[in-house]
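Engineer: Structure provided below as structure tokens; questions to follow.
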Amino acid sequence: MDFNQFWQQVQHAAPLFENFQLQMVWEYRELFVDGIKMTLGITLIAVVLGTLIGLFAGMARLAEVKHGPWKYPVKLLLRWPATAYVTFFRGTPLFVQILLTHFAVMPLLVHPENGLLLSGELASTLRQDYGAFLSGLVALTLNAGAYITEIFRAGIQSIAKGQFEASRSLGMTYGQTMRFIIVPQAFRRMLPPLGNEAIMLLKDSSLVSAIGLGELAYAARTVAGAYSRYWEPYLTISFLYLIMTLVLAAGVNHLEKRYQQSGGIH
């Protein structure tokens, strides 16, 4: 029995689904599967890269030299740029950031003729084959990095100052103190908000369909345009997003319980 016959039987057994034409979604099932892969892939990469950005930008926002010649250079080169970055990406809509990145920033950096980072045939190939993916990934990563920066900053500040003083009294450098003492403890406390940020980014990744990236929202829009029906495709991706967010939330909750059992989160 194929899916069409199965769904006809469901409609016959449950009149509630009589006008719900799920066959059109099944016809484009490969497009939806590819959309799931793209959604999960771009979210995973953006979260990993955003976490790295958040780690260093968070420490940059906390960098401070009260006395000596490095007082103002640290502010000018570390604290103020990190603060400006966080302020911009947290204070502007992600949708605007995606459009700005795709239509303004990426053409400036990657252009066949005069790209600041890449030019020539390689730039042409990247823009043609991976332009939407790169733009969406850059925008999502920078947006996630701004929010994760604040998560790291708050997590690091939550560690008692005595931890810093004790590690420095043992002869550890600032870098060693952050790497071995502060960041591991802070990361455990930051796990819940990091999980929430990953869930938000998974849902917000639907916005990159506006620049033509073939993820879930793009698949639904394609089916809706082909059949001029909207309930079926958009309810389908709503259900798929719900499943993915529930699985991700369950994974984060499992990690939290593991840390709580080991005394890792206080």
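FYI, in full-length UniProt numbering the residues of the sequence shown are 1 to 266.
Just so it is clear, CB atoms sit at the ideal spot from N, CA and C, and this is done for glycine as well.
From the DSSP output, read off the bridge partner residues of L118.
Structural biologist: Within the sequence shown, numbered from 1, the residue matching residue 118 stands at position 118. L118 is bridged to V110.
Engineer: Alpha carbon to alpha carbon, what distance is there between L235 and E18?
Structural biologist: As a working note, residue 18 is residue 18 in the sequence shown. As a working note, residue 235 is residue 235 in the sequence shown. Going from the Cα of E18 to the Cα of L235 covers about 16 Å.
Engineer: When you compare only the Cα positions, how much space is there between A154 and L255?
Structural biologist: In the sequence shown, residue 154 corresponds to position 154, counting from 1. In the sequence shown, residue 255 corresponds to position 255, counting from 1. The alpha-carbon atoms of A154 and L255 are separated by roughly 20 Å.
Engineer: For a test of the three-state rule: what should DSSP assign to F20, helix, strand or coil?
Structural biologist: Within the sequence shown, numbered from 1, the residue matching residue 20 stands at position 20. Coil at F20, not helix or strand.
Engineer: Under 7 Å Cβ to Cβ from A60, same chain only, skipping five residues before and after it: list those, please.
Structural biologist: Mapped onto the sequence shown, residue 60 falls at position 60. Beyond the five residues adjoining it in sequence on each side, A60 comes within less than 7 Å, by CB distance, of L78, R79, A82 in the same chain, given in chain order.
Engineer: Any contact of the stretch 37 to 49 with the stretch 199 to 208, i.e. 3+ C-beta pairs under 8 Å?
Structural biologist: yes
Engineer: Using the Cα positions of Q157 and M106, report the straight-line distance between them to the nearest angstrom.
Structural biologist: Within the sequence shown, the letter at position 157 stands for residue 157. Within the sequence shown, the letter at position 106 stands for residue 106. Computed Cα separation, rounded: 35 Å.
Engineer: For G162, which of helix, strand or coil comes out of DSSP?
Structural biologist: The residue labelled residue 162 in the question sits at position 162 within the sequence shown. Residue state, collapsed to three classes: helix.
Engineer: Once the 5 residues before and after S228 are set aside, which same chain residues still bring their CB inside 7 Å of it?
Structural biologist: Taking the first residue of the sequence shown as position 1, residue 228 is located at position 228. Here the set comprises nothing.
Engineer: Does Y230 come out as helix, strand or coil in the three-state DSSP assignment?
Structural biologist: Against the sequence shown, residue 230 aligns to sequence position 230. Coil at Y230, not helix or strand.
Engineer: If you draw a straight line from the C-alpha of L142 to the C-alpha of D2, how long is it?
Structural biologist: For the purposes of this step, residue 142 is taken as the residue at position 142 of the sequence shown. For the purposes of this step, residue 2 is taken as the residue at position 2 of the sequence shown. The straight-line gap from Cα to Cα measures roughly 45 Å.
Engineer: Taking the alpha helix (DSSP H) that D204 falls in, what are its first and last residues?
Structural biologist: Within the sequence shown, the letter at position 204 stands for residue 204. Its alpha helix (DSSP H) spans residues 183 to 204.
Engineer: What are the boundary residues of the alpha helix (DSSP H) that includes I42?
Structural biologist: Within the sequence shown, the letter at position 42 stands for residue 42. Segment 29 to 62, the alpha helix (DSSP H) holding I42.
Engineer: Can you round the beta-carbon distance between Q91 and L216 to whole angstroms, since I take them to be within the 8 Å contact cut?
Structural biologist: Taking the first residue of the sequence shown as position 1, residue 91 is located at position 91. Taking the first residue of the sequence shown as position 1, residue 216 is located at position 216. The residue you asked about is not Gln; residue 91 is Gly in the sequence shown. Rounded to whole angstroms, the Cβ separation of G91 and L216 is 27 Å, and the two are not in contact under 8 Å.
Engineer: In angstroms with no decimal places, state the Cα-to-Cα distance between I265 and F180.
Structural biologist: Against the sequence shown, residue 265 aligns to sequence position 265. Against the sequence shown, residue 180 aligns to sequence position 180. Only weak support is given to the placement of I265: the predicted model assigns it a pLDDT of 47, under 50, and the question is left unresolved by the model.
Engineer: When the Cα atoms are used, what is the spatial distance from I98 to K71?
Structural biologist: Working through the sequence shown from its first residue, we reach residue 98 at position 98. Working through the sequence shown from its first residue, we reach residue 71 at position 71. C-alpha separation (whole angstroms): 36 Å.
Engineer: Between G225 and I151, which are expected to be in contact by the criterion C-beta below 8 Å, what is the C-beta distance as a whole number of angstroms?
Structural biologist: Position 225 of the sequence shown, counted from the start, is the residue given in the question as residue 225. Position 151 of the sequence shown, counted from the start, is the residue given in the question as residue 151. Not a contact, Cβ separation roughly 38 Å.
Engineer: Measure the alpha-carbon distance for R221 versus P233 and round it to whole angstroms.
Structural biologist: Here the question's residue 221 lines up with position 221 in the sequence shown. Here the question's residue 233 lines up with position 233 in the sequence shown. Their backbone Cα atoms lie some 8 Å apart in a straight line.
Engineer: Please classify G136 as buried or exposed, where buried requires at least 16 other C-beta atoms within 10 Å of its C-beta.
Structural biologist: The count along the sequence shown starts at 1 and reaches residue 136 at position 136. Buried, since its Cβ has 16 or more Cβ neighbours within 10 Å.
Engineer: Please work out which residues of its chain come closer than 7 Å, Cβ to Cβ, to N4, disregarding the five sequence neighbours upstream and downstream, and give them in chain order.
Structural biologist: Taking the sequence shown and counting its residues from 1, the one referred to as residue 4 is at position 4. Here the set comprises Q23.
Engineer: Do E64 and V74 have their beta-carbon atoms positioned less than 8 Å apart in this structure?
Structural biologist: Here residue 74 is taken as the residue at index 74 of the sequence shown, counted from 1. Here residue 64 is taken as the residue at index 64 of the sequence shown, counted from 1. Closer than 8 Å, so yes.
Engineer: Mapping the DSSP letters down to three states, classify D2 as helix, strand or coil.
Structural biologist: Counted from its first residue, the sequence shown places residue 2 at position 2. Three-state result, D2: coil.
Engineer: Can you tell me whether V138 is buried or exposed? The criterion is at least 16 other CB atoms within 10 Å of its CB, across all chains shown.
Structural biologist: The count along the sequence shown starts at 1 and reaches residue 138 at position 138. It counts as buried.
Engineer: By the 10 Å Cβ neighbour count, where 16 or more other Cβ atoms means buried, how is A144 classified, buried or exposed?
Structural biologist: In the sequence shown, the residue the question calls residue 144 occupies position 144. Answer is buried; the Cβ neighbour count reaches 16.
Engineer: Look up A14 in the DSSP assignment and say whether it is helix, strand or coil.
Structural biologist: Position 14 of the sequence shown holds residue 14. Reduced to three states, the DSSP call for A14 is coil.
Engineer: Hey, would you say I211 sits closer than 8 Å to A123, going by beta carbons?
Structural biologist: As a position in the sequence shown, residue 211 is number 211, starting the count at 1. As a position in the sequence shown, residue 123 is number 123, starting the count at 1. Not a contact, by the Cβ cut-off of 8 Å.
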